[in-house]
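Below is one structure, written out as structure tokens; comments come after it.
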């Protein structure tokens, strides 16, 4: 069932980058000090590499979360080893993103130690369990009768409700970054809220992607528009990003990896190195050329592009 999933949106802003470019290489960025990044779902895969990206860009405080303490501790060590900021404070908080109590505890710990969040990356996600065919191959459910409702609910619980929960408890600390910036140098926190989604939110062909996964990622991407509208007056900028087609625990059975796993983290750093209000509430693909994207700024703003809308 392995396929290289292609989507027309991938080619919207050429040239397409399948590896980290000069624009998205975090080592080419020096983040303001202090700078606090919190990455939800970062004990492995894209989240872990995103933590490393912020470390390479010089973040002074980085919080990683995960359910398993052993993989979380290993991720903390990797991020600390990659850090370029002297005295960087890297913390791992064991957290089940589906637990309100855990999310509240996470928010309390971040508030106590750092007082604010400059960049919040929400990377929680699971994929739908495929069907087993008699010949041993696998397929996504193609009809509603084939759906496993328990699995469908679990997919939404993690891909949507956990994302909403993380936003509920942590966005207030992103708001706080707009009022307690240190240094007196006139620097503005980017106040970035970044939700990691997927190009699967555009797909409607069940041969390419499971219904539950696609629908839940669509809703999570749409949620960033609500965060933008509800919190822009307090300086928050919200983005939905597609990190590329990369090999992770979630995709190794179903997808041919064609992109570097560092693309998403590089884009997160780029979105966080300065306040990018004109992109807030929009969808961005990590494979796009960011110089070309910036060149299209006026067109994007005037036509209100890169949002999920019904075409009539």
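Numbering (the UniProt record's numbering), first residue to last: 1 to 312. The C-beta atom is built at its ideal place from N, Cα and C for all residues, glycine as well.
**Report entry** residue 36 vs residue 66 beta-carbon contact at 8 Å
**Finding:** no
Report task. Could you tell me which of 177, 213, 279 sits nearest to residue 125, measuring between CA atoms? Result -> 213
Report task. Return the Cβ separation of residue 26 and residue 43 in integer angstroms, given the expectation that the two are a contact with Cβ distance under 8 Å. Result -> Contact doesn't hold; Cβ gap of about 19 Å is too wide.
**Report entry** One or two residues paired with residue 283 in a DSSP bridge
**Finding:** 240
Query raised in the report: Taking the alpha-carbon positions, what's the residue 100 to residue 283 distance?
Result: 27 Å
**Report entry** Alpha-carbon to alpha-carbon, residue 87 and residue 303
**Finding:** 45 Å
Report task. Apply the 10 Å Cβ neighbour rule to residue 136 and answer buried if 16 or more other Cβ atoms are within range, or exposed otherwise. Result -> exposed
Query raised in the report: DSSP puts residue 37 in a beta bridge; with which residues?
Result: 62, 119
Query raised in the report: Just how far apart, CA to CA, sit residue 96 and residue 106?
Result: 10 Å
Query raised in the report: Counting pairs of beta carbons, one from the region 221 to 236 and one from the region 19 to 33, are three or more of them closer than 8 Å?
Result: no
Query raised in the report: Below 8 Å, can you find three or more Cβ-Cβ pairs linking the region 271 to 279 to the region 235 to 248?
Result: yes
Query - Cβ pair residue 165, residue 215 closer than 8 Å - result: no
**Report entry** Residue of 153, 176, 152, 40 minimising C-alpha distance to residue 115
**Finding:** 176
Query - Burial state of residue 295 (16 or more Cβ within 10 Å) - result: exposed
Query - residue 159 beta carbon less than 8 Å from that of residue 46 - result: no
Query raised in the report: Which of helix, strand or coil does DSSP assign to residue 148?
Result: coil
Requested in this report: Under 8 Å Cβ to Cβ from residue 299, same chain only, skipping five residues before and after it: list those, please.
Outcome: 305
Report task. Might you give, ordered along the chain, the residues of its own chain that have their beta carbon closer than 7 Å to the beta carbon of residue 178, omitting 5 neighbours on each side? Result -> 189, 191, 234, 235
Query raised in the report: Is it right to say residue 186 is buried, meaning 16 or more other beta carbons lie within 10 angstroms of its own, or is it exposed?
Result: exposed
Report task. Can you give me the Cβ contacts of residue 51 inside the same chain, cut-off strictly under 7 Å, excluding the 5 residues immediately before and after it? Result -> 39, 42, 62, 64, 75, 79
Report task. Measure the beta-carbon distance from residue 120 to residue 193 and round it to whole angstroms, keeping in mind my assumption that it falls under 8 Å. Result -> 5 Å
**Report entry** Spatial distance of residue 127 from residue 57 (CA atoms)
**Finding:** 30 Å
**Report entry** The alpha helix (DSSP H) enclosing residue 112, as first and last residue numbers
**Finding:** 100 to 113
Report task. Evaluate residue 245 with the Cβ neighbour count: other Cβ atoms within 10 Å of its Cβ, from every protein chain shown; 16 or more gives buried, anything less gives exposed. Result -> buried
Requested in this report: Using the DSSP secondary-structure output, state which residues sit across from residue 92 in a beta bridge.
Outcome: 64
Requested in this report: Measure from the alpha carbon of residue 291 to the alpha carbon of each residue in 12, 23, 10, then state which is nearest.
Outcome: 23
Report task. State the DSSP-derived secondary structure class of residue 72, mapped to helix, strand or coil. Result -> helix
Query - Three-way DSSP call (helix, strand, coil) for residue 196 in this model - result: strand
Requested in this report: Spatial neighbours of residue 161 within its chain, please: CB distance less than 8 Å, with the 5 preceding and 5 following residues excluded, ordered by chain position.
Outcome: 98
Query raised in the report: How is residue 131 classed by DSSP in three states: helix, strand or coil?
Result: strand
Query raised in the report: When you compare each of 141, 217, 241, 311 to residue 288 by their alpha carbons, which one comes out closest?
Result: 241
Query - For residue 145 and residue 270, the rounded distance between their alpha carbons - result: 43 Å
Query raised in the report: So what's residue 139 in DSSP terms, helix, strand or just coil?
Result: strand
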